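Participant: If you scroll down you'll find the structure; I have some questions about it.
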Amino acid sequence: MEILKIQTTRLFIRHLTLLDLSDFHSYRSDADVTKFQGFDIMTIEQCEDFIKKNSTKYFGNAGEWVQYGIESKEKGKLIGDCAIKLQQNDTRIAEIGITISPSEQRKGFAKEVLNGILNFLFETKNIHRVVEIVDAKNIASIKLLNSIGFKQEGHFIENIFFKGKWGSEFQFAMLKREWLQLNKLISK
Numbered sequence: 000m001e002i003l004k005i006q007t008t009r010l011f012i013r014h015l016t017l018l019d020l021s022d023f024h025s026y027r028s029d030a031d032v033t034k035f036q037g038f039d040i041m042t043i044e045q046c047e048d049f050i051k052k053n054s055t056k057y058f059g060n061a062g063e064w065v066q067y068g069i070e071s072k073e074k075g076k077l078i079g080d081c082a083i084k085l086q087q088n089d090t091r092i093a094e095i096g097i098t099i100s101p102s103e104q105r106k107g108f109a110k111e112v113l114n115g116i117l118n119f120l121f122e123t124k125n126i127h128r129v130v131e132i133v134d135a136k137n138i139a140s141i142k143l144l145n146s147i148g149f150k151q152e153g154h155f156i157e158n159i160f161f162k163g164k165w166g167s168e169f170q171f172a173m174l175k176r177e178w179l180q181l182n183k184l185i186s187k
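With numbering that gives the first Met the number 0 applied, the sequence shown covers 0 to 187.
In structure tokens form, the structure reads like this:
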């Protein structure tokens, strides 16, 4: 298994460490951040336990989510995290997710992270398809996925009992050939 390290213009995407605990907890304990996420507000102890358990996980384990820190090169601190899971039955398909600290939102970091992850998955790891499942009310994420070139493939109505009520989700996906075509057009 490999230790993932992705570098973008302004960011490092790398394994979480206990040195990230304070920054990780600062946004993982924020109700606005957890509103559309599959996790609830976390205590400092839960964050520490999460980071410790995650430290034994590595990219490439089928069916297992691995969380990575998003570090600002300029600030030298954690500004969010992202996750990658290779599908259990076919590791050529990946699912991803991104969380950005509220103080760092609307600065283009999520788009930069997403582009970095897609480049890594498609061009380095030869992944065929990348999927993201989003809460149907998460307008910012939906706009981000559309701006990158993801296609909405499904709308699941009240398919998940989430934080005490039924919620709906969209499934977005992108194929490697679509990514390569989009990047070919951009580089012209």
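Just so you know, even glycine gets a beta-carbon here, dropped at the ideal spot from N, CA and C. The structure displayed is predicted, hence computed values, not measured ones.
Which value, in whole angstroms, describes the spacing of the CA atoms of G163 and K183?
Facilitator: The straight-line gap from Cα to Cα measures roughly 45 angstroms.
Participant: Just to confirm the assignment: which complete beta strand (DSSP E) runs, minimum length 3, are found wholly within the stretch 69-144?
Facilitator: 76-85, 92-99, 128-134, all fully within the stretch 69-144.
Participant: Looking at the structure shown, is Y26 part of a helix, part of a strand, or coil, going by DSSP?
Facilitator: Residue state, collapsed to three classes: helix.
Participant: Is the Cβ-Cβ distance between R128 and K175 less than 9 angstroms?
Facilitator: Taking 9 angstroms as the Cβ cut-off, R128 and K175 qualify as a contacting pair.
Participant: Going by the DSSP bridge assignment, what does Y67 pair with across the sheet?
Facilitator: Per DSSP, H14, C81.
Participant: Between the alpha carbons of F149 and I159, how many angstroms are there, rounded?
Facilitator: Near 22 angstroms, if we compare the C-alpha coordinates of I159 and F149.
Participant: Checking 9 angstroms against the spacing of the C-beta atoms, do Q36 and T90 come in under that value?
Facilitator: Not closer than 9 angstroms, so no.
Participant: Buried or exposed, going by whether 16 or more other CB atoms sit within 10 Å of the CB of K74?
Facilitator: Flag for K74 reads exposed.
Participant: Less than 9 angstroms separating the beta-carbons of F171 and I141?
Facilitator: A contact, by the Cβ cut-off of 9 angstroms.
Participant: My understanding is that S100 touches G68, with C-beta atoms under 8 angstroms, so please give their C-beta distance in whole angstroms.
Facilitator: Contact flag wrong, Cβ pair sits at about 11 angstroms.
Participant: Taking all protein chains shown into account, do 16 or more other C-beta atoms lie within 10 angstroms of the C-beta of G115, making it buried, or fewer, making it exposed?
Facilitator: Buried, because 16 or more other Cβ atoms sit within 10 Å of the Cβ of G115.
Participant: Quick one: using the 10 Å Cβ neighbour count with 16 as the cut-off for buried, is H154 buried or exposed?
Facilitator: H154 should be labelled exposed.
Participant: By DSSP, does F161 sit in helix, in strand, or in coil?
Facilitator: Reduced to three states, the DSSP call for F161 is strand.
Participant: Return the CA-CA distance between N53 and V32, expressed in angstroms with no decimal places.
Facilitator: Roughly 20 angstroms between the two C-alpha positions.
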